[in-house]
Amino acid sequence: MIDAFSRKVISWATNDRHTNELPIEALAMATAARQPTPGGIVHSDRGYQFTSRAWLSTVEHAGMHPSMGNVGSALDNALIESWFSSFKNEAIYPNDTPPDRTSARRALVRHIDFHNRQRLHSAIGYNTPNDHENNHINMSA
Numbered sequence: 005m006i007d008a009f010s011r012k013v014i015s016w017a018t019n020d021r022h023t024n025e026l027p028i029e030a031l032a033m034a035t036a037a038r039q040p041t042p043g044g045i046v047h048s049d050r051g052y053q054f055t056s057r058a059w060l061s062t063v064e065h066a067g068m069h070p071s072m073g074n075v076g077s078a079l080d081n082a083l084i085e086s087w088f089s090s091f092k093n094e095a096i097y098p099n100d101t102p103p104d105r106t107s108a109r110r111a112l113v114r115h116i117d118f119h120n121r122q123r124l125h126s127a128i129g130y131n132t133p134n135d136h137e138n139n140h141i142n143m144s145a
């Protein structure tokens with residue numbers, strides 16, 4: 005999950021199978037880390053896991069509102085699609101394919117750390133996600 009304000013990766017979940025539980029695990033990780041105030045928006049595409057009753061009730065139970073883009077919209081998931089493109093082009097393709105899930109997960113976590121602490125983003129004034137959040141917190145204080 006990516007925070008749209010800061011572009012920071014705030015949670016993730018992996019498994020050897022694509023299940024309805026993965027986004028629910030990621031949402032639990034995100035809400036534990038961020039403790040959002042009620043009324044926040046959780047945007048997703050229209051994948052089966054995001055239209056499931058389990059997902060929708062979990063989002064609503066967390067006090068947030070589910071949001072889904074239009075069917076066939078190329079912009080629907082642009083933020084996360086861009087992140088995955090960077091991950092593949094910077095962490096996977098230049099190297100050998102990870103030989104196992106442990107190595108793949110390690111590459112994922114390393115790239116998330118790089119993305120949050122070192123990658124500059126034009127959409128947030130050429131700051132890193134961590135710096136953008138810290139600057140906003142300092143301005144609010």
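Residue numbering for the sequence shown follows my numbering, beginning at 5 and increasing consecutively. Cβ atoms here follow ideal geometry from the backbone N, Cα and C, with glycine treated the same way. These numbers were taken from a predicted model, which means no experiment stands behind them.
Cβ shell of proline 102 (< 7 Å), same chain only, five flanking positions each side left out: Numbered from 1 along the sequence shown, position 98 holds the residue referred to as residue 102. Excluding residues within five positions, the ones whose Cβ falls inside 7 Å are Ala108 and Ala111.
Endpoints, the alpha helix (DSSP H) within which methionine 2 is located: In this structure the chain extends from 5 to 145, so residue 2 is not present and cannot be described.
Rounded distance between the beta-carbons of isoleucine 28 and threonine 55, thought under 8 Å: By 1-based counting over the sequence shown, the position of residue 55 is 51. By 1-based counting over the sequence shown, the position of residue 28 is 24. In this structure, threonine 55 and isoleucine 28 do not form a Cβ contact; the two beta carbons are roughly 13 Å apart against a cut-off of 8 Å.
Helix, strand or coil at serine 48 according to DSSP, with G and I counted as helix: Position 44 of the sequence shown, counted from the first residue, corresponds to residue 48. It is a strand residue.
Length of the line joining the Cα atoms of aspartate 117 and serine 15: Looking up residue 117 in the sequence shown gives position 113. Looking up residue 15 in the sequence shown gives position 11. Approximately 11 Å, taken between the alpha carbons.
Histidine 115, enclosing beta strand (DSSP E) - first and last residue: Position 111 of the sequence shown, counted from the first residue, corresponds to residue 115. Taken as a continuous stretch (DSSP letters only), histidine 115 belongs to no beta strand (DSSP E), being part of the alpha helix (DSSP H) at 105-121.
Through-space distance from aspartate 7 to histidine 140, alpha-carbon basis: As a working mapping, residue 140 is identified with position 136 in the sequence shown. As a working mapping, residue 7 is identified with position 3 in the sequence shown. Answer to the nearest angstrom: the Cα atoms are 14 Å apart.
Test: isoleucine 96 CB closer than 8 Å to a CB of chain C: The chain labelled as chain C is not found in the depicted structure, where only one protein chain is given.
Alpha-carbon spacing of lysine 12 relative to methionine 68, whole angstroms: Counting from 1 along the sequence shown, the entry for residue 12 is found at position 8. Counting from 1 along the sequence shown, the entry for residue 68 is found at position 64. So the two alpha carbons sit approximately 19 Å from each other.
Residue closest to aspartate 104, alpha-carbon to alpha-carbon, out of Glu64, Met5 and Asp20: For the purposes of this step, residue 104 is taken as the residue at position 100 of the sequence shown. Asp20 is the residue among Glu64, Met5 and Asp20 whose C-alpha sits nearest the C-alpha of aspartate 104.
Backbone secondary structure at proline 70 - three-state DSSP: The residue you call residue 70 lines up with position 66 of the sequence shown. Strand, per DSSP.
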